[in-house]
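What follows is a single structure, written as structure tokens, with notes after it.
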Amino acid sequence: MADDQSLHDRFLRKNQSLSRAYEISRKDKVKDKTVSGERVPVLAVCYRCKLEKLTLKYHITETGRTEGAVSVSNEYVPLCVDCAPKPKKNAAELSKKQISSLLRGAMKGRL
Ligand SMILES: [Zn+2]
50 MADDQSLHDR FLRKNQSLSR AYEISRKDKV KDKTVSGERV PVLAVCYRCK
100 LEKLTLKYHI TETGRTEGAV SVSNEYVPLC VDCAPKPKKN AAELSKKQIS
150 SLLRGAMKGR L
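Residue numbers (this note's numbering): 50 to 160.
Below you can see the structure in the form of structure tokens.
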């Protein structure tokens, strides 16, 4: 009978540590997801058109003028697909071209 009890205890302990390990690995997975920055559309009021739509959070920089002073606000706001800034693929390509033309210029001794 005593053996049965200790066996049962051992089983319980094993079960507990297993569920703890599971809990930890689950937390790790959630953390990984957050770190990788997976963006899931959320139903929210769009910052621009004020309509409740599926939005993603965007980091925007707005420049405003108040009392002669220029204030720049950095905000993280929800924007719907229509108002979201377009992917900066072209801009990136352009700047890459600009960089390479700058490099070419530098190699020719124009800088
Ligand atoms: Zn919008």
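Where a beta carbon is used, it is the ideal one built from N, C-alpha and C, also for glycine. The structure presented is a predicted model; accordingly, all values stated were derived computationally and were not measured.
Option nearest residue i by Cα separation, candidates the options
{"i": "Tyr-107", "options": "Val-121, Leu-152 and Arg-97", "result": "Arg-97"}
Residues of its chain near residue i, where Cβ-Cβ distance is below 8 Å and the 5 sequence neighbours each way are ignored
{"i": "Cys-129", "result": "Cys-95, Arg-97, Cys-98, Leu-100, Lys-102, Leu-103 and Thr-104"}
{"i": "Thr-83", "result": "Only weak support is given to the placement of Thr-83: the predicted model assigns it a pLDDT of 49, under 50, and the question is left unresolved by the model."}
Beta-carbon gap between residue i and residue j smaller than 8 Å
{"i": "Thr-110", "j": "Val-121", "result": "yes"}
For residue j and residue i, the rounded distance between their alpha carbons
{"i": "Ser-29", "j": "Gly-113", "result": "As displayed, the chain neither begins before 50 nor continues past 160, which places residue 29 out of reach and without an answer."}
{"i": "Ala-14", "j": "Ala-70", "result": "As displayed, the chain neither begins before 50 nor continues past 160, which places residue 14 out of reach and without an answer."}
{"i": "Ser-66", "j": "Ser-55", "result": "16 Å"}
{"i": "Ala-155", "j": "Gln-147", "result": "12 Å"}
{"i": "Gly-158", "j": "Glu-124", "result": "42 Å"}
Contact set for residue i: own chain, Cβ-Cβ below 6 Å, skip 5 residues either direction
{"i": "His-57", "result": "none"}
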